[in-house]
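Mapping of the sequence shown onto this note's numbering: position 4 corresponds to residue 73, and the numbering continues sequentially without gaps.
All C-beta atoms in this analysis are idealised placements derived from N, C-alpha and C, irrespective of residue type, glycine included.
All figures in this text were calculated on a predicted structure; none of them were measured in a lab.
Encoded as structure tokens, the structure appears first; notes follow it.
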Amino acid sequence: MSDGNFNRQLLPPNSYRSGLQVGRQQMRQKVVDILPEILKDSGIGDAECDKILKEVRSRL
Numbered sequence: 070m071s072d073g074n075f076n077r078q079l080l081p082p083n084s085y086r087s088g089l090q091v092g093r094q095q096m097r098q099k100v101v102d103i104l105p106e107i108l109k110d111s112g113i114g115d116a117e118c119d120k121i122l123k124e125v126r127s128r129l
């Protein structure tokens, strides 16, 4: 009879955390891909655009 302590090998795998990390990584990549287009469309100069992109990448 079980007393509530389960053997972890008998439990199904919990992939929530790894899925969450993958989702975050995908969103970071989307930001890095889309941000240059947004900055160029807004009329910001190339030098300032590069500066903003470096800052965003360092913060991600």
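When DSSP states are grouped into helix, strand and coil, I121 belongs to the helix group. Per the coordinates, the alpha-carbon of L89 lies some 11 Å from the alpha-carbon of M96. Between L129 and V100, the beta carbon gap of about 7 Å places them in contact (Cβ cut-off 8 Å). Assignment of G92 by DSSP, reduced to helix, strand and coil, places it in the helix class.
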